[in-house]
Amino acid sequence: MKTINAHELKKKLESQEIILIDVREQIEHAQESIAGAQLIPLQTLSVAKLPATSKPIVFHCRAGKRSLDACQKILSENPNLDVYSLEGGIMAWRDAGFEVQKSCNTICTLPIERQLQLLEGGLTLFGTLSGLYLSKILFVIPIFVGLGQMYAGLSGHCYSACLLAQMPWNHKKP
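If you read the sequence shown in my numbering, its first letter stands for residue 5, the second for the next number, and so on.
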């Protein structure tokens, strides 16, 4: 799998040598993005959705995992394409000192990842305390939260994050 670092990407973007695709969810892209990046969420990504170009394509996400998955997905459909994953994702881009476009046009500006941590932490705490003091059956709540986290870690897909992204506070202000 070919990768590219933030400094190399910056040079190639400035010389318009590559196409940059953001494979994060729409809400993540709306909150923070790299100028010139086109949004195609990983869940909907296919060769047919890619822009028609002979230029190399660089995928990026938040930290690099989803962009690697995107490369694998696209190469499984067409092994002849020239695709790269941005090492460290938009976090590495930002850490390298490069500018990101920020948008505050959503009701909630808390990133999905932090909303997810609050939700899962709250459910785990609630389920554990309820299981201790109310009914043992309520221990099923933290068990399912843990199973969900394990599934997300193994598959790279988090249904809770997808659900949170659909919540009204994560959509653009009218």
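Don't be surprised by glycine CBs; every beta carbon is placed ideally from N, CA and C.
Here the alpha carbons of Gly92 and Ala56 stand approximately 26 Å from one another. Close CB contacts of Ala96 within its chain, under the 6 Å cut and outside five residues either way in sequence, are with Ala10 (chain order). If you look at Phe63, you'll find it in the beta strand (DSSP E) that goes Ile61 to His64. Between the alpha carbons of Met154 and His33 lies a distance of about 25 Å. Contact between the segment 55-70 and the segment 83-90 is present, with at least three C-beta pairs closer than 8 Å.
C-alpha of Leu72 to C-alpha of Leu114: approximately 25 Å in a straight line. The DSSP-derived three-state label of Thr132 is helix. By the Cβ neighbour-count rule, Ser139 is exposed, with fewer than 16 other Cβ atoms within 10 Å of its own.
With fewer than 16 other Cβ atoms from the protein chains shown falling within 10 Å of its own Cβ, Ile147 counts as exposed. With respect to Phe143, Gly152 sits apart: the two C-beta atoms are not nearer than 7 Å. Short of 7 Å from the beta carbon of Gln121, and not among the five residues preceding or following it, lies no beta carbon of its own chain.
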